[in-house]
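A.B. asks: Handing you this structure, nothing more for now.
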């Protein structure tokens with residue numbers, strides 16, 4: 001609220017009409033390489049884990065990326081694999097308008113949709129079409145944009161902590177929005193899969209988990225997919 005000048009406002013948290021404990025599962029994949037320190041290894045494992053979890057729901061999946069470069073990498077690696085399984089691929093990297101991608105996905109959910117920033121929020125796919133949301137990386141903004149850089153500098157100059165005061169809260173909000181794509185009605189069900197190991201290897205990872213509605217949490221090992 002302080003970022004938009006509401007320093008003396010009050011907030012009220014309303015209950016949800018959804019039973020997340022019955023409708024949603026949060027899957028944390030343990031043993032993934034660190035996406036910052038082992039970027040190439042992370043990308044390779046990421047593709048294998050996307051295949052693993054897309055197989056479990058026979059498509060019906062969104063994969064939400066934080067950058068176009070990672071989206072394009074996944075698209076190139078997944079295209080022949082999905083074709084072999086007769087699963088359609090809708091990718092934001094192809095320049096298709098978001099509304100058209102959603103329309104196609106609703107008509108043929110035996111598919112995987114690859115999206116970036118605009119798909120983390122404001123996308124509504126109720127019903128059986130969407131059963132699986134895969135989040136490869138925690139949605140931190142990269143501070144390479146002039147406006148964001150200036151904002152972080154101002155926080156630091158005023159004695160604040162740019163990460164704790166801005167980067168982390170912003171990423172948590174987007175993470176919640178991504179999770180929220182899964183359950184849109186009281187009849188929806190499915191899983192959200194998080195591949196980023198920082199959600200359990202870094203102290204701030206708990207902030208992401210605690211921000212979500214109470215739901216079933218399942219921990220699975222990355223090695224299981226190579227057995």
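Residue numbers (this note's numbering): 1 to 227.
Just so it is clear, CB atoms sit at the ideal spot from N, CA and C, and this is done for glycine as well.
(1) With C-beta atoms as the reference, is residue 71 less than 7 Å away from residue 93?
(2) What first and last residue would you give for the beta strand (DSSP E) that runs through residue 191?
(3) In whole angstroms, give me the CA-to-CA distance for residue 211 and residue 28.
(4) Is DSSP giving residue 17 helix, strand or coil here?
(5) Around the Cβ of residue 214, are there at least 16 other Cβ atoms within 10 angstroms (buried) or fewer (exposed)?
(6) What residues in its chain sit with their C-beta under 6 Å from that of residue 128, if we drop five residues either side in the sequence?
(7) Per DSSP, which residues does residue 25 bridge with? Please list them.
(8) Does DSSP classify residue 53 as helix, strand or coil?
(9) Tell me the rounded alpha-carbon separation between residue 77 and residue 158.
(10) Which class does residue 261 belong to by DSSP, given the choice of helix, strand or coil?
(11) How big is the Cα-Cα spacing for residue 35 and residue 43?
(12) List the residues that DSSP assigns as beta-bridge partners of residue 61.
(13) Does DSSP put residue 87 in a helix, in a strand, or in coil?
(14) Kindly list the residues whose CB is nearer than 6 Å to the CB of residue 32, restricted to its own chain and excluding five residues on each side of it in sequence; keep chain order.
(15) Decide if residue 190 is buried, meaning its Cβ has at least 16 other Cβ atoms within 10 Å, or exposed.
(16) Using a Cβ-Cβ cut-off of 7 Å (strictly less than) and excluding sequence neighbours within five positions of residue 170, which residues of its own chain qualify?
(17) Does residue 109 pass the burial test, meaning 16 or more other C-beta atoms within 10 Å, or should it be called exposed?
C.D. replies: Let's see:
(1) Reading the chain shown from its first residue, position 71 is the one you call residue 71. Reading the chain shown from its first residue, position 93 is the one you call residue 93. Result yes, Cβ atoms of residue 71 and residue 93 sit closer than 7 Å.
(2) For the purposes of this step, residue 191 is taken as residue 191 along the chain shown, with counting starting at 1. It spans 190-194 - the beta strand (DSSP E) in which residue 191 sits, taken as one unbroken run.
(3) Translated into positions along the chain shown, residue 211 becomes position 211. Translated into positions along the chain shown, residue 28 becomes position 28. Cα to Cα, residue 211 sits roughly 15 Å from residue 28.
(4) On the chain shown, residue 17 is found 17 positions in, with the first residue counted as 1. Coil at residue 17, not helix or strand.
(5) By 1-based counting over the chain shown, the position of residue 214 is 214. It is exposed - the Cβ of residue 214 has fewer than 16 other Cβ atoms within 10 Å.
(6) Working through the chain shown from its first residue, we reach residue 128 at position 128. There are no such residues.
(7) Here residue 25 corresponds to residue number 25 of the chain shown, with the count starting at 1. In the DSSP output, where bridge partners are listed per residue, residue 25 has 191, 216.
(8) Within the chain shown, numbered from 1, the residue matching residue 53 stands at position 53. Helix.
(9) The sequence position of residue 77 within the chain shown is 77, counting from 1. The sequence position of residue 158 within the chain shown is 158, counting from 1. Near 45 Å, if we compare the C-alpha coordinates of residue 158 and residue 77.
(10) With the chain covering only 1 through 227, there is no way to say anything about residue 261.
(11) The residue labelled residue 35 in the question sits at position 35 within the chain shown. The residue labelled residue 43 in the question sits at position 43 within the chain shown. Residue 35 and residue 43: Cα-Cα distance of roughly 8 Å.
(12) Along the chain shown, read from residue 1 onward, the residue named residue 61 stands at position 61. Its beta-bridge partners are 112, 132.
(13) Within the chain shown, residue 87 is the residue found at index 87, counting from 1. In the structure shown, residue 87 sits in coil (DSSP, three-state: anything other than H, G, I, E or B).
(14) As a first step, residue 32 must be located in the chain shown, where it is residue number 32. So the list reads 45, 195, 197, 222, once near-sequence residues are dropped.
(15) The count along the chain shown starts at 1 and reaches residue 190 at position 190. So residue 190 ends up on the buried side.
(16) Residue 170 sits at position 170 when you count from the first residue of the chain shown. Excluding positions up to five away in sequence, the list reads 141.
(17) Here residue 109 corresponds to residue number 109 of the chain shown, with the count starting at 1. It counts as buried.
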